[in-house]
Structure formats: structure tokens, C-alpha cells
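Residue numbers (the numbering used here): 19 to 335.
Glycine included, every Cβ here is placed at the ideal spot set by N, Cα and C.
Quick caveat: nothing in here was measured; it's all calculated off a predicted structure.
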Amino acid sequence: MNTPTPSIAPETRRADDTGLDVVTGAFSYSGRAIADALLRSGREVRTVTGHPERAPKDSPIAVAPLDFDDQLGLVASLEGATTLYNTYWVRFSHKRVTHDLAVANSRTLFEAAKRAGVQRIVHTSILHPCAASPWPYFRGKALVERALAESGISYAVLRPAIFFGGEGVLINNIAWLLRHLPVFMVGGRGDYRIRAIHIDDMAQLCLAKAAERHDSVTDAVGPERPTFNELIASVRDAVGSRARILHVPGAVLPVLSSMLGLVLRDVVLTREEYQTMAQGMADSDAPAAGSIALSTWLTEHGSELGHHYANELQRHF
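Pasting the structure below:
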């Protein structure tokens, strides 16, 4: 196995220094935003991805498979990198892909990074992870954070709730439903708040955290925290929809979402996603880590949203 090439220590490195970084899933959503920001800053980028076929033919990004069953290959794919930007996770369990498997795979990735000599990991987590949570997503995210802290590698954990901007799925699909359905259903009172962050703000935050030398955990949230009612009303206004907003009991919404998912052949909203959002787990009192306001972005981009439905199952499985 090749000896890792010398790289700049994280405490002296700036985001615009030349050198190699690795991004998981650089042709997906958040990974692409991070990779693009790194390329603009002058960094060389390699990706480890489960979908190498998505790489454009003229891409400047080197591609390696994200194969958790090939530890030696994974180590080789990470060698020479200063920083690993980790966005790997699964939104929901599907067939053999579960949150428990994602936790085990994450441990494998961190072990490979340590063996490869990676100096720092910038890791995307979630707001309010908890190892004692009854929810597999949040419990799994907490276990991954623990594994990262125990890896011995310098790290920064970023905890977003919801992304917007770029080719984001959530806001686009809300817009699609508002454009195509006469009624949009909101679970419960809809007074739970959302701290969304623009994907470009998230990417810049990742680069800034890579340049630091101390371990850290940061809530990656934007400058606004609208209620879910306010968010839906803003999207409706932005796309010019006349859909009626109808409140339904919280226990009913996941059932209705599952029925809609059968029609769309997708997972629209899981029970865990609704219930944790309704419990305030997409909200935070932390200071804003990004500057792009969701309301302003909706006003500027509303005409572009919701013309096509983004299918998560097709994207990832």
C-alpha cells in the first residue's frame, strides 16, 4: 500500500490552500455543493461514491467506489487527503439498507480514514441527535458522532435540520404538491419551527470548519425560523398556488403520506420525520451559521420550484 503523501496540518491550512480533499457522494446533493466550493477554492477533490456512474465525463473530480466491504480499497481511496467531508447516511430504511447498517458503515469509513492518514473529518449530522432516542435516524446519528469522537481524528460535526437551494428535494417537492394538488395537508397545528440552511452556506461552513484545528460541534442553521405553517404559506405564495392548506391530526398525516407515496412510488414523509419535526427537533436556538434567508430565496426562485417531482427512491436506490 502506498504511503500517504505529506499534507498540510489542519491548524495551518486555509480553505484556499492547494491540496487534496475527499468528499463522500460528490455527485449527490450536499456532497456536490461541498465539492464545488472546494474546487473554487483551489483544492483538488476526490470522491468516494456508491454511484460512480453519475460522474460527468469532463468532471475534474477523481472518482473511487464507496465500498464498505473493501476496507483496503477504501483506505487507498482516502490516502493523500487532508480532510474527509462526510455526508454519507440514509434517510430511511429500504430493503437491506438500514440505519444500523449506516452506523456500521460509518465506523468502517472512519477506521479507513485513520489508516489512510486523513488529518481531519468534517461530518454532516442532524440537529438533536440522541443515543437514547426511540427514533432510529436520530439514534443512529448520535452513534456515528460517538464513533467519530472515538476515532482519534480531529473533527468538526455540523448539525443541520433542513437544506434548501440547488437541487434540494424537500422544498421542491412541497412546491410540486402545492402546484398539483387542490389541498396541502399539515399535521397538527403546524406551529413547530424550522431552521433551514441554504446548501451553499452549508458548503462554506464545511470549508471553514476544515480549516480549524479543534474538535467542534455546530448547529448548522440559517437566519430564519418560520413555523411550518409559515413555510408552507411562503412556498404557496412563491409558486402562485391556490391550494388550500388543511390541518389534519398528527397521527393521520403519516398514513396519508404513505398513501401518496404509493401513487408516486416514493417515500414522501416518514412517521419519524413528521413526529420529530412536530416535537421541535428541526428547530434550534443557536446563532445563524448561514446568511441566506429562506424567505428571500423563495421570492427569488419560486418560479423555478415544483415543476418536476424529485423521487428519492430513484435517486438513491
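Bounds of the beta strand (DSSP E) holding Ser172 are 172-177. For His117, the uninterrupted alpha helix (DSSP H) segment begins and ends at 117-134.
Rounded to whole angstroms, the separation of the alpha carbons of Ile250 and Lys75 is 39 Å. Between the beta-carbon of Pro147 and that of Lys159 there is about 4 Å, and that keeps the pair under the 8 Å contact cut. A direct Cα-to-Cα measurement between Met203 and Val253 gives close to 14 Å. The C-beta distance from Asp219 to Gly308 rounds to 3 Å, short enough to fall under 8 Å.
By the C-beta criterion, the region 48-64 is judged not to be in contact with the region 117-133, since fewer than 3 inter-stretch pairs fall below 8 Å. Counting other Cβ atoms within 10 Å of its Cβ, Gln222 reaches 16 or more and is therefore classed as buried. In the DSSP annotation of this structure, the continuous segment of the beta strand (DSSP E) that includes Thr42 starts and ends at 38-42. Between the beta-carbon of His216 and that of Ile310 there is about 4 Å, and that keeps the pair under the 8 Å contact cut. One thing to note: Ala296 has its Cβ within 9 Å of the Cβ of Gly206. Minimum Cα-Cα distance from Gln332 among the listed residues Ala53, Glu291, Val285 corresponds to Val285. Put simply, the backbone Cα of Arg72 is about 6 Å away from that of Phe45. The beta-carbon separation of Pro200 and Ala261, rounded to 6 Å, stays under the 8 Å limit for a contact. The Cβ neighbour count for Pro272, taken over all protein chains shown within 10 Å, is at least 16; the residue is labelled buried. Here the alpha carbons of Val162 and Phe156 stand approximately 10 Å from one another. Linking Gly91 to Ile52 through their CA atoms gives a straight-line distance of about 23 Å. Distance from the Cα of Glu242 is smallest, within the candidate group Thr65, Asp303, Glu318, for Asp303. With fewer than 16 other Cβ atoms from the protein chains shown falling within 10 Å of its own Cβ, Asp209 counts as exposed. For the region 249-299, the full-length beta strand (DSSP E) segments reaching 3 residues or more read 262-266 along the chain.
Scanning Lys227, Leu264, Ala134 for the CA closest to the CA of Tyr103 turns up Lys227. Following the DSSP letters along the chain, one finds Gly49 inside the alpha helix (DSSP H) bounded by residues 48-58. Around the beta-carbon of Thr65, 16 or more other beta-carbon atoms lie within 10 Å, marking it buried. By the criterion of a C-beta distance shorter than 8 Å, Ser313 is surrounded in its chain by Glu242, Pro244, Ser252, once the five residues flanking it on both sides are discounted. If you compare the alpha carbons of Leu287, Glu291, Ser169, Arg231 with that of Asn329, the shortest gap goes to Leu287.
Taking 9 Å as the cut-off, the beta carbon of Thr105 is found closer than this to the beta carbon of Thr142.
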